[in-house]
Amino acid sequence: FICGMWDFMKYPLRMNWTSGTNSYCQFFIQLGSSKRESFVIYQDGDPSKCFNPNVENATGYDEHKIVGPGYASGQQWTVGVHEDDEPEYGKRYEIRLRVSEEDGTLLKL
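Numbering (the working numbering), first residue to last: 3 to 111.
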């Protein structure tokens with residue numbers, strides 16, 4: 003499940019499962035007027051099983067670690083803060099989540 007600032011972190015939404023050789027969960031977000039969106043991941047939709055980065059406003063371009071599961075610590079991933087995101091109002095992004103087959107940990111893509 004993914005939970006984001008688009009609804010003020012109120013409602014965890016189910017991610018879509020893609021099957022195949024490199025299976026992963028996916029979710030699409032669309033930037034609003036702020037041109038950025040922040041989110042965390044909840045295992046089984048449970049806020050007490052939150053996965054988040056160890057730094058605030060982490061991006062796919064920045065060095066960070068994934069921490070959890072546990073209660074949210076205030077750090078989130080954010081799309082639209084890095085210039086390589088090329089943020090624009092209405093632009094869509096795909097969020098991907100892959101889980102290790104070996105030990106069930108989240109993998110940074």
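All C-beta atoms in this analysis are idealised placements derived from N, C-alpha and C, irrespective of residue type, glycine included.
What are the start and end residues of the beta strand (DSSP E) that includes residue i?
i	result
Y44	E39 to Y44
F29	Y26 to Q32
E96	R94 to V101
W19	N18 to T20
P71	I68 to G72
P55	C52 to P55
Label residue i either buried or exposed according to how many other C-beta atoms from any shown protein chain fall within 10 Å of its C-beta, with 16 as the threshold for buried.
i	result
D105	Its pLDDT being 49, under 50, D105 is placed unreliably by the model, and the measurement read from it follows with that caveat. It counts as exposed.
G76	exposed
T23	exposed
Q78	buried
Comparing alpha-carbon positions, which option in the options lies nearest residue i?
i	options	result
R38	G92, R98, V101 and L99	G92
R98	A60, G76 and T20	T20
S63	D9, Q45 and E88	It should be noted that the sequence gives Tyr, not Ser, for residue 63. Checking every option, the nearest Cα to that of Y63 belongs to E88.
E96	V57, G82 and Q28	Q28
E2	P71, H84 and D48	Only positions 3 to 111 of the chain appear in this structure, which leaves residue 2 out of reach.
Since residue i and residue j are thought to touch, with beta carbons under 8 Å apart, how far apart are those beta carbons, to the nearest angstrom?
i	j	result
I4	I43	6 Å
M7	S40	5 Å
F30	R100	No, F30 and R100 are not in contact; Cβ-Cβ is about 16 Å, not under 8 Å.
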